[in-house]
Amino acid sequence: MADWNTLFYDKKNIEMMPEPEVIKFVELLKKEFPKEQERKVWDLGCGAGRHSLVLGQMNCTVFISDNSSNAIELTKKKLDENKITYTDRLISMENYPWNQKEFLHGVFSWNVLQHNTVKKITEAVNCIYESLVPNGYFLGSIKSTKADLYGKGEEIEKNTFILNEGKEKGIIHHYFDEEGIKKLFPTDKWEIVVLAEQVVNYVSKVEKFWEINPFRYTTWCILVKKR
Ligand SMILES: C[S@@+](CC[C@H](N)C(=O)[O-])C[C@H]1O[C@@H](n2cnc3c(N)ncnc32)[C@H](O)[C@@H]1O
């Protein structure tokens, strides 16, 4: 049974290239907060730091958190090597990590929020909300019920599974349908700027294709603005 901390011991589980969305996110924040000396951005569930590095290189003030000590150490090493200063917290997503509220311009979280139960994911989104200044943005990707491995493993609550195959075997995954993802970002608190379900239809694939798959997986992509 894997957990994220163990997965990070093996280089093949570490994504090196950042997703292009992180660059577009910083460009958006620069446009939306032109007068700020520094744009403060939190990489929630930073993993090995591929996005934290881009945030730093694009002159953001970087905040990182993850509940894996290996992830935090890998990210810190990457940031230190690039002389990027940061604030870090080893903490699970449902707990508020910072000693200030309403101080961040953006929160970025790629393929992280899905790794919990609905109650705790909702708490995590509340933490994101509390951390942002009014009109601050959240950009994230979160698993969809149309994803490849949906339904595999032990269902511990509706649409939440402990995966029993693939690279992330043993890890908790919640899959959101449209109603669920909309409920996670209620419109009295968030303006939904873009909600896109990126569906990848694998027409043909070899067994254990995920070991070498260079392509994307089906996911919700969401960009929201705090009201
Ligand atoms: C698929 S990886 C994505 C890492 C990074 N965001 C990236 O795109 O490279 C999922 C990350 O979520 C983190 N994670 C899983 N459960 C978490 C939790 N309860 N609280 C905080 N981070 C968690 C893992 O340690 C891992 O770093």
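All letters in the sequence shown, in the order written, are residues 26 to 252 by this note's numbering.
Ideal Cβ positions, reconstructed from N, Cα and C, are used throughout, including at glycine.
Fair warning: this is a prediction, and the values are worked out from it, not measured in the lab.
Simplified DSSP state of residue i, which is helix, strand or coil
{"i": "Asn160", "result": "strand"}
{"i": "Leu32", "result": "helix"}
{"i": "Ile39", "result": "coil"}
{"i": "His140", "result": "coil"}
{"i": "Tyr154", "result": "helix"}
{"i": "Phe88", "result": "strand"}
{"i": "Asn123", "result": "The question names Asn, but residue 123 in the sequence shown is Trp. DSSP places Trp123 in coil when its eight states are reduced to three."}
Closer than 7 Å: residue i CB and nearest ligand 1 heavy atom
{"i": "His198", "result": "no"}
{"i": "Ser156", "result": "no"}
{"i": "Ser93", "result": "yes"}
{"i": "Met118", "result": "yes"}
{"i": "Val79", "result": "no"}
{"i": "Glu40", "result": "yes"}
{"i": "Val137", "result": "yes"}
{"i": "Asn141", "result": "yes"}
{"i": "Ala172", "result": "no"}
{"i": "Ala73", "result": "yes"}
{"i": "Gly195", "result": "no"}
{"i": "Trp29", "result": "yes"}
{"i": "His76", "result": "yes"}
{"i": "Gly70", "result": "yes"}
Status (buried if at least 16 other CB within 10 Å, exposed otherwise) for residue i
{"i": "Ser94", "result": "exposed"}
{"i": "Ser169", "result": "buried"}
{"i": "Ser229", "result": "exposed"}
{"i": "Asn92", "result": "buried"}
{"i": "Ala73", "result": "buried"}
{"i": "Ala42", "result": "The amino acid occupying residue 42 in the given sequence is Met; Ala does not appear at that position. Classification for Met42: exposed."}
{"i": "Asp68", "result": "buried"}
Alpha-carbon spacing of residue i relative to residue j, whole angstroms
{"i": "Trp29", "j": "Ile197", "result": "10 Å"}
{"i": "Lys49", "j": "Val79", "result": "11 Å"}
{"i": "Leu174", "j": "Thr142", "result": "17 Å"}
{"i": "Pro59", "j": "Leu129", "result": "14 Å"}
{"i": "Ile97", "j": "Phe133", "result": "16 Å"}
{"i": "Asn124", "j": "Gly205", "result": "30 Å"}
{"i": "Glu61", "j": "Gly176", "result": "45 Å"}
{"i": "Cys152", "j": "Met118", "result": "8 Å"}
Identity of the residues DSSP links to residue i by a beta bridge
{"i": "Ser169", "result": "Phe201"}
{"i": "Glu216", "result": "Lys250"}
{"i": "Ile187", "result": "Glu179 and Ile197"}
{"i": "Gln82", "result": "Paired residue(s): none; Gln82 is not in a bridge."}
{"i": "Ser134", "result": "Gly165"}
{"i": "Val66", "result": "Val87 and Gly131"}
Residue i beta carbon near ligand 2 (any heavy atom closer than 7 Å)
{"i": "Ala96", "result": "Judged by which ligands are present, ligand 2 is missing from the structure shown, whose ligands are ligand 1."}
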